[in-house]
Amino acid sequence: MTDAPTDDVIADIDEHTITDAVVASFAATPDARLREVLGALVRGLHTAIREVEPTIGEWEHAIDFLTRTGQTCDDVRQEFVLLSDVLGVSSLVENINHRKVGGATEATVLGPFHMTASPPRRNGDSIDEVGGHQPCVVTGRVLSVSGEPVPGASVDVWQADENGFYDVQQPDVQPAGNGRGLFTTDEEGRFWFRTTVPAHYPIPTDGPVGELLTATARPPFRPAHVHFIAEAPGFVPVTTHVFVDGSPYLDADAVFAVKRSLIRDFAPVDDAEQAARFGTANPFRLAVIDLVVEPAGTPSP
């Protein structure tokens, strides 16, 4: 007959002891970083649970919300990225991992629509394949923080159209690759392309994240912007946006990505000769953008 367990063998698990017990259960985890992450996650989650004291029904609702978030993901939609965005987690992670040295372009979130490779294009090409009503020219340079041009840098660009939709959202309306382009800077670090002025737009609201925004009376809109990733050998890549000055929702971006340094004037230009040089219709809008990258190995501030 087996003796009953003694008190010093089996510890009581209650609301006061369970956190330490769960953290201790990871003590033998071989990967030290995984052990650290799991411990911090458990402590933070348990602290939140103790603070709000959810009912069983509320916790079941939370589990259902996360389940449906995963079920909403597919090849062209990432609802968990969207959830991370609207909770400010994506922006927080981006800022922690890109503490820029002075003068470098500030980083922002990747966003949920970098779901397909941008087609390689030549400088001066148009990324607008559907004929928007507000022609626009974007021109700029990739520079080192020292001010030197960075030739041969890749500049990945993607944006919504003038109605606020990305190509992957409207496969029956927009050709694949519309609003996207992969450019290479010339010997002076320059790049330029033709496009249409993007519109502000709502993030997708037909899934669980939309329910969350509705329940919290938060607007789902993002201000008008163009996405960029600039990278070159020997430099730290930068993922960023450039926002259209004067766009609605610059002060209420649903994913917390707006920074003052990233707002640019998309200036009206009425000059037939200049339009002809750019190969665009007149009048048009002109945005001048420099993307400043820091050398790899630069100490983080």
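All residue numbers for the sequence shown refer to the UniProt record's numbering, where the first residue is 1 and numbers rise by one. For each residue, glycine too, the CB sits at the ideal point set by N, CA and C.
Those residues which DSSP pairs with residue i across a bridge
i: TRP192; result: THR139
i: VAL293; result: SER144
i: THR240; result: PHE228
i: ASN263; result: For the record, residue 263 in the displayed sequence is Ile; it is not Asn. DSSP, once it has assigned bridges, lists PHE243 as partnering ILE263.
i: TYR201; result: ARG222
Reduced DSSP category for residue i - H, G, I as helix; E, B as strand; rest coil
i: GLU79; result: helix
i: ARG218; result: coil
i: THR116; result: coil
i: SER126; result: strand
i: PRO248; result: coil
i: PRO208; result: helix
i: ALA101; result: As written in the sequence, residue 101 is Val, which differs from the Ala given in the question. If DSSP states are grouped into helix, strand and coil, VAL101 belongs with coil.
Same chain, Cβ closer than 7 Å to residue i, neighbours up to 5 away in sequence not counted
i: ILE13; result: ALA21
i: GLY181; result: SER118, PRO119, ARG121, ASP125, ILE127, VAL157 and PHE193
Residue i classed as buried or exposed, judged by whether at least 16 other C-beta atoms fall within 10 angstroms
i: ARG122; result: exposed
i: LEU291; result: buried
i: ASP167; result: buried
i: SER84; result: buried
i: GLY147; result: exposed
Extent of the continuous alpha helix (DSSP H) run through residue i
i: SER25; result: 18-25
i: PHE278; result: 272-278
i: HIS61; result: 56-72
i: ASN97; result: 89-97
Limits of the beta strand (DSSP E) - the one that residue i falls within
i: ARG180; result: 180-184
i: SER154; result: 154-159
i: ALA48; result: Segment 32-52 is the alpha helix (DSSP H) holding ALA48; no beta strand (DSSP E) there.
i: LEU258; result: It should be noted that the sequence gives Val, not Leu, for residue 258. From DSSP, VAL258 is part of no beta strand (DSSP E); its letter is neither H nor E.
Beta-carbon contacts of residue i that lie in its chain and below 6 Å, excluding the five residues immediately before and after
i: residue 303; result: In this structure the chain extends from 1 to 301, so residue 303 is not present and cannot be described.
i: HIS46; result: THR19
i: GLY164; result: ALA199 and TYR201
Residues near residue i in its chain [Cβ-Cβ closer than 8 Å; skip 5 each side]
i: ALA27; result: ARG35
i: ARG68; result: GLY207 and PRO208
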